[in-house]
Amino acid sequence: MIRGSMMLQGLIRTFQLLAIAAILAFLLAPVLLVFPISFSADAYVSWPPSGWSTKWYVALLENDEMLEAFRNSFLLALYVTVLTLLIATPAAVALARSTFVGRDTLISIFTAPLLLPSIVLGLAILIIFVGQGLVGTWPGMILGHLVITLPYALRVLLTGLGTLPMFVEDAAGTLGAHPLTVFRRITLPLMTPALVATGALSFIVSFDEVVISLFIAGTQLKLLPVSLYHYVESRTDPLVAAVSAIMVLGTLLIVLIMERAMGLRRTVAK
Amino acid sequence: MYLKVDSLEKRYGAFDPSVSNLSFSLAQGELLGLLGPSGCGKTTTLRMISGMVAATSGRILVGGHDVTGLPTYRRNMGVMFQSYALFPHMTVAENVAFGLEMRKHSKHEIAKRVESALAMVRLNGVGDRKPRQLSGGQQQRVALARALVFEPDILLLDEPLSNLDAKLRDDMRNEIREIQQRLRMTTIFVTHDQTEAMAICDRIVVMNKGRLEQIGTPHEIYETPATPMVADFVGRINRLKGTWRSDGAIDINGSMTIRASRPGARGAPVLVMVRPHRIGLVASGSAIPSAEHENVLAGTIRQVTYIGDTLQYSVEAAGARILVEKATTSAGDPFQSGAEVLLHWSEQDTLTFAADGER
Ligand SMILES: Nc1ncnc2c1ncn2[C@@H]1O[C@H](COP(=O)(O)OP(=O)(O)OP(=O)(O)O)[C@@H](O)[C@H]1O
Ligand SMILES: [Mg+2]
Chain A
1 MIRGSMMLQG LIRTFQLLAI AAILAFLLAP VLLVFPISFS ADAYVSWPPS
51 GWSTKWYVAL LENDEMLEAF RNSFLLALYV TVLTLLIATP AAVALARSTF
101 VGRDTLISIF TAPLLLPSIV LGLAILIIFV GQGLVGTWPG MILGHLVITL
151 PYALRVLLTG LGTLPMFVED AAGTLGAHPL TVFRRITLPL MTPALVATGA
201 LSFIVSFDEV VISLFIAGTQ LKLLPVSLYH YVESRTDPLV AAVSAIMVLG
251 TLLIVLIMER AMGLRRTVAK
Chain B
1001 MYLKVDSLEK RYGAFDPSVS NLSFSLAQGE LLGLLGPSGC GKTTTLRMIS
1051 GMVAATSGRI LVGGHDVTGL PTYRRNMGVM FQSYALFPHM TVAENVAFGL
1101 EMRKHSKHEI AKRVESALAM VRLNGVGDRK PRQLSGGQQQ RVALARALVF
1151 EPDILLLDEP LSNLDAKLRD DMRNEIREIQ QRLRMTTIFV THDQTEAMAI
1201 CDRIVVMNKG RLEQIGTPHE IYETPATPMV ADFVGRINRL KGTWRSDGAI
1251 DINGSMTIRA SRPGARGAPV LVMVRPHRIG LVASGSAIPS AEHENVLAGT
1301 IRQVTYIGDT LQYSVEAAGA RILVEKATTS AGDPFQSGAE VLLHWSEQDT
1351 LTFAADGER
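Residue numbers (the numbering used here), protein chains in the order written: chain A, 1 to 270; chain B, 1001 to 1359.
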């Protein structure tokens, strides 16, 4: 009897592992496939490639438009991340610390854009920006991305602040620390993991944003997702695979940073 | 009076007030115990005194000055939190040093005082560790050191010894008392352990459901409790329900007559309370010493429980169960279950309370 049930359990475990592997393969296959294709020697995307080369990476380095778009997207993501942190941190602290009526409603309103389809947001932003002459400009681009990153940032930071150990800020107060000192010496260090996560998330979201960028980048300001989008409209060579491979690696790097930060939180918190 | 709490009230939202109409005061250097069951508002009271939560109404005065509106960081009160609230990202030494740093002491001075504070709580040598690397009891002692080290005007301790073993608890209790007296720190010591409060406090406030039940010296609280709740809370006690007779005695169930030192109104219901260890126990038929002001009752022992330093007898007398406690001796128990005995206790040890309000 006992042997039978153990065998049954083993069988169930095997099935579970197989199911997990299948799901992972399904999710990751497109991402992983990008790497071999980017080293293809063919002139178009095909599977399996008939030969191997690094020529599409060379082509990428010689493609001025892609390089400019890459640089712009990187800078944009950087500006957006910094601004997001500067705006969302005080906002999150204020929201987390105060207890006024309607606080939860306010938080819901602030984070509502997370639920809107970005096409709706993009259209709304476009309508407003056209009148202000912001389309195709850096300030316009930054503002547009902030609309998306700020709600994310607020959510992550509020969660982070919610998990701070109880009363440590009060304790610092009783020891004679001015509220600003409490923030600098206690709150900020304890919410560093949440800040790192927020920064990484903002960067990825801004760097990857297609729809809003498509609406308001115009033709002068070249951004990587938009340029890629236009590129694949006319051509299907493995250059896009090379770009994608680099983006996947970059994202992986950021996720690793986040993971480390979260691991850090576990060691910092009680 | 150095610290004065005047009709303090705290309401959280629409709930019943957590603390209401609370007034008491402490002389400089006094150690006041705040005693009461869980949820009675002890922590809330400390949080109002230290300024961490605003009182809904009432005033707090320190040295004659109204500090009700003063922010916490300007009150110079050392607070030890029930949940310790140590800074997880700092070492033990940095935790303890924080208050001194805020007061801009020199590096050398800080190091010296942190060291002696840690020695005081028996934690030498763990200064470089993070709080999470310590046991609960060790963390509690770090919290104590952190609250004491900057020698605040007022010390507020929220259950400072709850997580320590019996031996260390006694040591730390006496240590706190010694330091508190040496530095003449005005101190409030929150606890729900009545022996702890009795042992070191000059006076004790007993709280119940957010209200002050009684304030007095440990002796007053124990010997003349103002309410049944206080009598019940500060030690084991027998409860009997009866009625005042016209001759000033108390009738219980029509089968038992008891005398108290202070008679009450005839016909009124009365709650009688007697402490188990104030009841004498002799074999049936023997003479009772000084029988004049004694209540005497015949009964049968139903159960004997041995708990090391005391023996507890559950005695059936006049239809009720009465608990009697005696110190143990090496000679062994004098009475067995089923033995016929006489219970006797003096009129002074008979506490009586009007039995109308249900407490
Ligand atoms: N922030 C809060 N919001 C709402 N109610 C609260 C809050 N803090 C405390 N209370 C309520 O106030 C009452 C008193 O709580 P308090 O923490 O002062 O009790 P306590 O005497 O310290 O109890 P314990 O011995 O368990 O620590 C409780 O009923 C509690 O539910
Ligand atoms: Mg408490």
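Even for Gly, the Cβ is constructed at its ideal location relative to N, Cα and C.
Nearest-angstrom Cβ-Cβ length linking residue i and residue j, presumed shorter than 8 Å
i          : j          : result
A/Ile-125  : A/Val-156  : The pair is not a contact, with the Cβ atoms about 23 Å apart (cut-off 8 Å).
B/Met-1001 : B/Ser-1025 : 4 Å
B/Lys-1004 : B/Leu-1046 : Not a contact, Cβ separation roughly 15 Å.
B/Glu-1030 : B/Arg-1203 : 7 Å
B/Leu-1297 : B/Ala-1283 : Actually they are not in contact, since the Cβ atoms of B/Leu-1297 and B/Ala-1283 sit about 14 Å apart, beyond 8 Å.
A/Val-168  : A/Ile-186  : 6 Å
A/Gly-218  : A/Gly-136  : 3 Å
B/Cys-1201 : B/Leu-1032 : 6 Å
B/Glu-1325 : B/His-1277 : 4 Å
B/Tyr-1073 : A/Gly-176  : 5 Å
Separation of residue j from residue i, as counted between CA atoms
i          : j          : result
A/Val-34   : A/Leu-85   : 33 Å
A/His-178  : A/Val-80   : 31 Å
A/Ala-269  : A/Leu-158  : With a pLDDT of only 46 at A/Ala-269, under 50, the local geometry of the prediction cannot be trusted, and no value is derived from it.
A/Ser-234  : A/Thr-111  : 37 Å
B/Ser-1020 : B/Asp-1006 : 11 Å
A/Ala-41   : A/Val-243  : 16 Å
B/Gly-1357 : B/Tyr-1222 : Any reading at B/Gly-1357 is ruled out, since the residue's pLDDT is 47, under 50, leaving its predicted position unreliable.
B/Val-1274 : B/Ser-1346 : 10 Å
A/Ser-98   : A/Leu-201  : 26 Å
A/Gly-140  : B/Glu-1101 : 46 Å
A/Ile-87   : A/Leu-150  : 8 Å
A/Leu-76   : A/Phe-207  : 8 Å
B/Leu-1351 : B/Ile-1250 : 12 Å
B/Asp-1165 : B/Arg-1122 : 14 Å
B/Ala-1331 : B/Asp-1193 : 32 Å
A/Ser-5    : A/Ala-29   : 36 Å
B/Gly-1041 : B/Ile-1188 : 14 Å
B/Lys-1241 : B/Thr-1227 : 15 Å
A/Ala-245  : A/Ile-107  : 37 Å
A/Thr-54   : A/Glu-62   : 13 Å
A/Thr-163  : B/Gly-1039 : 24 Å
B/Val-1234 : B/Thr-1195 : 8 Å
Environment of residue i [buried if 16+ CB atoms lie within 10 Å]
i          : result
A/Val-255  : exposed
B/Gln-994  : Summary: the structure shown does not reach residue 994 of chain B, with chain B confined to residues 1001 through 1359, and so no result is reported for it.
B/Arg-1184 : exposed
A/Phe-100  : exposed
A/Gln-9    : exposed
B/Leu-1022 : buried
A/Ser-38   : buried
A/Leu-249  : exposed
B/Lys-1112 : exposed
B/Thr-1310 : exposed
B/Tyr-1306 : exposed
B/Ala-1085 : buried
B/Lys-1107 : exposed
Check whether residue i and residue j have beta carbons under 8 Å apart
i          : j          : result
B/Ile-1301 : B/Phe-1335 : yes
B/Gln-1139 : B/Pro-1131 : yes
B/Ala-1119 : B/Ile-1110 : no
A/Trp-47   : A/Leu-239  : no
B/Asn-1095 : B/Val-1142 : yes
B/Val-1270 : B/Thr-1243 : yes
B/Asp-1066 : B/Ala-1093 : no
A/Thr-181  : B/Ser-1050 : no
A/Ile-216  : A/Ser-118  : no
B/Val-1205 : B/Val-1230 : no
A/Ala-194  : A/Leu-154  : no
B/Ile-1176 : B/Pro-1160 : yes
B/Phe-1081 : A/Ala-171  : yes
B/Val-1190 : B/Leu-1157 : yes
B/Gln-1028 : B/Thr-1217 : no
Heavy atom of ligand 3 within 7 Å of residue i beta-carbon
i          : result
B/Tyr-1012 : For ligand 3, the structure offers nothing, since it holds only ligand 1 and ligand 2.
In chain order, what are the residue ranges of uninterrupted beta strand (DSSP E) at least 3 long that sit wholly in the region 15 to 39 of chain A? none
Which whole runs of the beta strand (DSSP E) in the region 1294 to 1343 of chain B are 3 residues long or more, in chain order? 1294 to 1306, 1310 to 1317 and 1320 to 1327
Jot down the residue ranges of each uninterrupted beta strand (DSSP E) in the region 1022 to 1101 of chain B, minimum 3 residues, whole runs only, in chain order. Inside the region 1022 to 1101 of chain B, DSSP marks whole beta strand (DSSP E) runs of 3 or more residues at positions 1031 to 1035, 1057 to 1062 and 1077 to 1080, from first to last along the chain.
Restricting to runs no shorter than 4 residues, where is the alpha helix (DSSP H) found entirely within the region 120 to 176 of chain A? 138 to 162 and 168 to 174
Taking only runs of the alpha helix (DSSP H) that begin and end inside the region 209 to 270 of chain A, which ones reach a length of at least 4 residues, in chain order? 211 to 216, 224 to 234 and 239 to 268
For the region 182 to 216 of chain A, which residues have a beta carbon sitting closer than 7 Å to at least one beta carbon of chain C? In summary, chain C is missing from the structure at hand, where the protein chains are A and B.
Jot down the residue ranges of each uninterrupted alpha helix (DSSP H) in the region 1133 to 1159 of chain B, minimum 4 residues, whole runs only, in chain order. 1136 to 1148
Please go through the region 1185 to 1229 of chain B and give each complete beta strand (DSSP E) segment of 3 or more residues, from N-terminal end onward. 1186 to 1191, 1203 to 1208 and 1211 to 1216
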